[in-house]
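Position one of the sequence shown corresponds to residue 38 (our numbering), numbered consecutively onward. Here's the structure, in structure tokens; my notes come after.
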Amino acid sequence: MGNPTPFVDMGLFILKKKGEEMSIVKKVTSLVEDLLQTTKYRLYDVEQNAGILKITVNSPSGVTLDELAEINRKISHDLDEKDPIPSKYTLEVSSPGLERKLRTNNHFLGAVNEKIAVKLGPHIDGDRRLEGILRQATDELLTLETATKEVREIKFQDVTQAKTVFEWEKNPKPGKQNGKHQVSSIQNR
């Protein structure tokens, strides 16, 4: 009845409901943490939404697709045995990706000194979309340094969405220097 349909994905999902789904999330969190305890992998997040159970795992060196497939098989097997979900669902196992969601205090603690983007609730006056380097994170407060070096203290409860921001390096294209084509001469011998 609660058999998952395995699916490996690199995307992310948002938890939509609370109540029964939260208790399922807690059960699955415990099950997956136990399963990963003796491995290099760590549980990053568990979300359930509209029949999709999304499990996000990570490791200090990242996670390959082959590793995700193996982790997916192990989690699927454990879920089949313990059957904590009373209805049909699709299992997705992924890594957090380059730009990972920040939902918990632990997520923010792990992103200190990284560039993040934050959306604040509608009750906040002024700019509700901020981007900068997360300098500090506590249970109640985030300290963000913007590109203009302004330091903003943000109450954790005011954050509606947050994610890390990956910046691609800006390397000049081959054959160009300072935006202009570079001419090279070829000599015949």
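For every residue, glycine included, the Cβ atom is placed at its ideal position computed from N, Cα and C. Predicted model, so just to flag it, every value in this text is computed and none were measured.
| Check | Outcome |
| --- | --- |
| Residue 111 - containing beta strand (DSSP E), residue span | Note, residue 111: premise wrong, no beta strand (DSSP E); alpha helix (DSSP H) at 102-119. |
| Close Cβ partners of residue 144 (< 6 Å) along its chain, the five nearest in sequence each way excluded | none |
| For residue 33: DSSP bridge partner residues | Any question about residue 33 goes unanswered here, given that the chain covers just 38 to 226. |
| Residue span of the beta strand (DSSP E) that contains residue 86, given as start and end | 79-86 |
| Proximal residues to residue 190 (C-beta, below 6 Å), its chain only, five neighbours per side dropped | 178, 180 |
| Identified DSSP bridge partners for residue 173 | 180 |
| Beta-carbon contacts of residue 148 that lie in its chain and below 7 Å, excluding the five residues immediately before and after | 139, 171, 201 |
| N-terminal and C-terminal residue of the alpha helix (DSSP H) that residue 146 is part of | 142-147 |
| Nearest neighbour of residue 99, chosen from 167, 188, 137 [CA to CA] | 137 |
| Inter-residue spacing [alpha-carbon to alpha-carbon] between residue 93 and residue 113 | 14 Å |
| Buried versus exposed call for residue 106 [16 or more other C-beta atoms within 10 Å across all chains shown] | exposed |
| Selection from 188, 205, 81, 66 that minimises the alpha carbon distance to residue 169 | 188 |
| Cα-Cα separation between residue 64 and residue 121, rounded to whole angstroms | 7 Å |
| Status (buried if at least 16 other CB within 10 Å, exposed otherwise) for residue 124 | exposed |
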